[in-house]
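Undergrad: Starting off with a structure, shown below.
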Amino acid sequence: MSEATIHPRNHFSPTRRLRIPASQATARAMTNRPDLPPEIARRRTFAIISHPDAGKTTLTEKFLLYGGAIQMAGQVRAKGEARRTRSDFMKMEQERGISVSASAMSFDFDGHRFNLVDTPGHSDFSEDTYRTLTAVDAAIMVIDGAKGVESQTRKLFEVCRLRDLPILTFCNKMDRESRDTFEIIDEIQENLAIDVAPASWPIGVGREFIGCYDMLHDRLELMDRADRNKVAESVKMDGLDDPKLADHIPADLLEKLREEVEMARELLPAFDRQSFLEGHMTPIWFGSAINSFGVQELMKGISEYGPAPQPQNTAEREIAPEEKAVTGFVFKVQANMDPKHRDRVAFVRLASGHFERGMKLTHVRWKKPMAVTNPVLFLAADRELADEAWAGDIIGIPNHGQLRIGDALTEGEALRFTGIPSFAPELLQSVRATDPMKAKHLEKALMQFAEEGAAKVFKPMIGSGFIVGVVGALQFEVLASRIEIEYGIPVRFEGSQFTSARWVAGPKDKVEAFVNANKGHIAQDHDGDMVYLTRLQWDIDRVARDHPELRLTATKEMMV
């Protein structure tokens, strides 16, 4: 590819080892697909994944800061409670400092529209995260420089791998004592079986950490410890032998940097965009999110190398983003985002087309048209009416329960999007209102949470009451606190005699016969599907042996 075709924004110095051609041209060349309309091509939709406490929410904040979306990180414009993070809007999230529900935010940076989805790192909320990853084109993996790859990072990484998502890595907390850079890179390569190409290299560590050397653009990035919200200064260098380096870096650190970068260039692969887009390689940036350091380089990396909106799979065909007709799917439902209104917002990822406010879209499950009059774009807790949106964007559609996870919206075509999972819960408890007069209200609250995907709610065929199933124990606490805060119903969770649930599928007559024979073990989920509740794995094996025509599954695709 000739030098002349390189986009001016992507033009680098000739000393670079690594030539990256104009981003869109290569992405298109590899698939022979037509060029995307410019509005769609400038979209970057991605999620941030990490183990709890690696600094994901802080990084999200800084993204918003650089995208001009907030004035100062860690602060909201609310008068009374000045310091609380922008992306954790649920009361419980602010009290505990963990992200419980995935929130979506949009902002502009460097000529691109970023759609950022923040996901819960806490493993008890992993199902929400799995679903979120179906709606994005790339992921940023945040790891803690002192801890390296942790258990939850590994789990989430596996999901990205199943979907072949390109992954960018950000090694955070370099301003604290952290491990050797090569050790961190080795651990990622061995644990996650992915090639790692350093995009920047840290200079010093812990107290001595002064910045990074940008290996893709031969630049020196220096950190300012005094002002956390200030953008780091960057100095253009002519390779590592440039005498100017000595003006900025102490001699001992400079010698170590030259040695390490030389080793890195010998031992580690150079960044290759093609390999990155196919999910075989991850570029790694080093920095400190709380000091706003390294964040901007990471953002530039997303806009320069990240994928434009990708085609989405449906049961019928593949949907290309450049198609004229608007299509989209619901990957998350959030109830009561605004406690003053009993509202529900369905988060929709647009898969194709150019959406305009007021459009009538077909709700595929109901086979009815639905006028989308007040769609919203999110800036965490602030919502703005969206007048238009393009493929790749994430919009919220307020509704009164018509939209559920997995629903498709199209301009008439009957499509069913695939790959949005629903997992069998690992913990079951029965729930009752402490005030028996409120039992009816409790049913309504539970149904709302079931449709939101926050928990599985099962109604046993025999006996009254409900059984609630979740993936992690912390979810019971969250549910109890949300039911009390949002509906004013104090509830009690009690141990259930059952320990696991499986969906029952098979020929209709066989399922009915099985249900009638096992009434004490059968419940219905909120979609009306049959669920077999059991105490022992032995029961599940017995059913498989005695009823070979039935399938007991631990996941259910949320297709309509």
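My numbering applies: residue 41 is where the sequence shown begins, and numbers increase by one.
All C-beta atoms in this analysis are idealised placements derived from N, C-alpha and C, irrespective of residue type, glycine included.
Keep in mind the model is a prediction, meaning the values are calculated, not measured.
1) In the stretch 154-213, which residue ranges form an unbroken beta strand (DSSP E) of at least 3 residues, counting only runs that do not cross its ends?
2) Between E358, G319 and V370, which has its C-alpha nearest D168's C-alpha?
3) Helix, strand or coil for H587, going by three-state DSSP, please let me know.
4) Please list, in chain order, all residues of the same chain as D581 whose beta carbon is under 8 angstroms from its beta carbon, the five residues on each side excluded.
5) Just to confirm, is the Cβ distance from F337 to A239 under 9 angstroms?
6) Is there contact here, the stretch 284-294 with the stretch 215-229, by at least three beta-carbon pairs under 8 angstroms?
7) What number of angstroms, rounded off, separates the C-alpha of G341 from the C-alpha of L401?
8) Can the beta-carbon of R585 be found less than 9 angstroms from the beta-carbon of Q488?
9) Is DSSP giving V335 helix, strand or coil here?
10) For the putative contact between C211 and I324, defined by C-beta atoms under 8 angstroms, what is the C-beta separation to the nearest angstrom?
11) Answer with buried or exposed for G246, where buried requires no fewer than 16 other C-beta atoms within 10 angstroms of its C-beta.
12) Quick check for students: name the residue ranges of the beta strand (DSSP E) that lie wholly in the stretch 349-398, counting only runs of 3 or more.
13) In the DSSP assignment, what residue or residues form a beta bridge with A233?
14) Which whole-angstrom value is the C-beta distance of L467 and V510, which I expect to be below 8 angstroms?
15) Does A286 pass the burial test, meaning 16 or more other C-beta atoms within 10 Å, or should it be called exposed?
16) Quick one: residues in its chain with C-beta nearer than 6 angstroms to the C-beta of K559, no 5 flanking neighbours on either side, listed in chain order?
17) Whether or not the stretch 250-262 and the stretch 190-208 are in contact is what I'm after, with contact meaning three or more pairs of Cβ atoms, one per stretch, closer than 8 angstroms; do they touch?
18) Which one of E362, G327 and R397 has the shortest CA to CA distance from E79?
19) Look up A304 in the DSSP assignment and give the residues it is bridged to.
20) Kindly indicate which residue of R313, I359, V555 and D579 has the alpha-carbon position closest to the one of D569.
21) Only counting runs of 3 or more residues, tell me where the beta strand (DSSP E) segments fall wholly within the stretch 559-588, in order along the chain.
22) Does the separation of the CB atoms of D150 and S315 fall below 9 angstroms?
23) Scan the stretch 272-299 and note each continuous beta strand (DSSP E) run of 3 residues or more that stays entirely inside, going in chain order.
24) Sort out for me which residues DSSP pairs L592 with in a bridge.
25) By the DSSP assignment, the beta strand (DSSP E) with T539 in it spans what residues?
26) Can you tell me the Cα-Cα spacing of A69 and A513, whole angstroms?
27) Looking at the structure shown, is K340 part of a helix, part of a strand, or coil, going by DSSP?
28) Please work out which residues of its chain come closer than 7 angstroms, Cβ to Cβ, to Q537, disregarding the five sequence neighbours upstream and downstream, and give them in chain order.
29) In chain order, which beta strand (DSSP E) runs of at least 3 residues are fully inside the stretch 435-510?
30) Is the beta carbon of F154 closer than 9 angstroms to that of G95?
31) DSSP three-state label for P78, please.
32) Taking three-plus beta-carbon pairs below 8 angstroms as touching, is the stretch 353-362 in contact with the stretch 390-405?
TA: Here's the rundown:
1) Within the stretch 154-213, the complete beta strand (DSSP E) runs of at least 3 residues are 178-184 and 207-212.
2) The option with the nearest alpha carbon to D168 is V370.
3) In the displayed model, H587 falls within coil according to three-state DSSP, outside both helix and strand.
4) For D581, where only same-chain residues beyond five positions count, there are no Cβ hits under 8 angstroms.
5) In the sequence as presented, Phe is not what sits at residue 337; that position holds Glu. The answer is yes: Cβ separation under 9 angstroms.
6) Short answer: they don't touch.
7) Taking the straight line from one Cα to the other gives about 35 angstroms.
8) Taking the C-beta atoms as reference points, Q488 is found no nearer than 9 angstroms to R585.
9) Looking at V335 - three-state DSSP - the assignment turns out to be helix.
10) Here C211 really is in contact with I324; their C-beta atoms are around 6 angstroms apart, less than 8 angstroms.
11) By the neighbour-count rule (16 or more Cβ atoms within 10 Å), G246 is not buried but exposed.
12) With a minimum length of 3 residues, the continuous beta strand (DSSP E) runs that stay inside the stretch 349-398 are 367-375, 384-392 and 394-396.
13) Paired residue(s): none; A233 is not in a bridge.
14) With a Cβ gap of about 5 angstroms, L467 and V510 count as contacting.
15) Per the 10 Å Cβ criterion, exposed.
16) Setting aside the 5 residues that flank it on each side, K559 is surrounded in the same chain by M501 and I502, each with a C-beta closer than 6 angstroms to its C-beta; the list follows chain order.
17) Contact fails between the stretch 190-208 and the stretch 250-262, because fewer than three Cβ pairs, one in each stretch, are under 8 angstroms apart.
18) Scanning E362, G327 and R397 for the CA closest to the CA of E79 turns up E362.
19) A304 is not bridged to any residue.
20) Sorting R313, I359, V555 and D579 by C-alpha distance to the C-alpha of D569 places V555 at the top.
21) Listed in chain order, the beta strand (DSSP E) runs fully inside the stretch 559-588 are 562-564 and 570-574, counting runs of at least 3 residues.
22) Going by C-beta atoms, D150 is not nearer than 9 angstroms to S315.
23) The stretch 272-299 is shown to contain whole beta strand (DSSP E) runs of 3 or more residues at 273-276, in chain order.
24) Per DSSP, the beta bridge partners of L592 are V544.
25) Membership of T539 in any beta strand (DSSP E) is not indicated, and neither H nor E is assigned to it by DSSP.
26) Low per-residue confidence applies at A69: pLDDT is 40, beneath 50, and the placement is therefore not dependable, though the value from the model is reported in the following sentence. Rounded to whole angstroms, A69 to A513 spans 48 angstroms at the Cα level.
27) DSSP places K340 in the helix class (H, G or I) of the three-state scheme.
28) Cβ neighbours of Q537 beyond the five flanking positions: R575.
29) Counting only runs of 3+ residues, the beta strand (DSSP E) found wholly inside the stretch 435-510 occupies 448-450, 461-463, 467-473, 496-500 and 506-510, in chain order.
30) Not a contact, by the Cβ cut-off of 9 angstroms.
31) Secondary structure of P78 (DSSP, three-state): helix.
32) Touching, yes.
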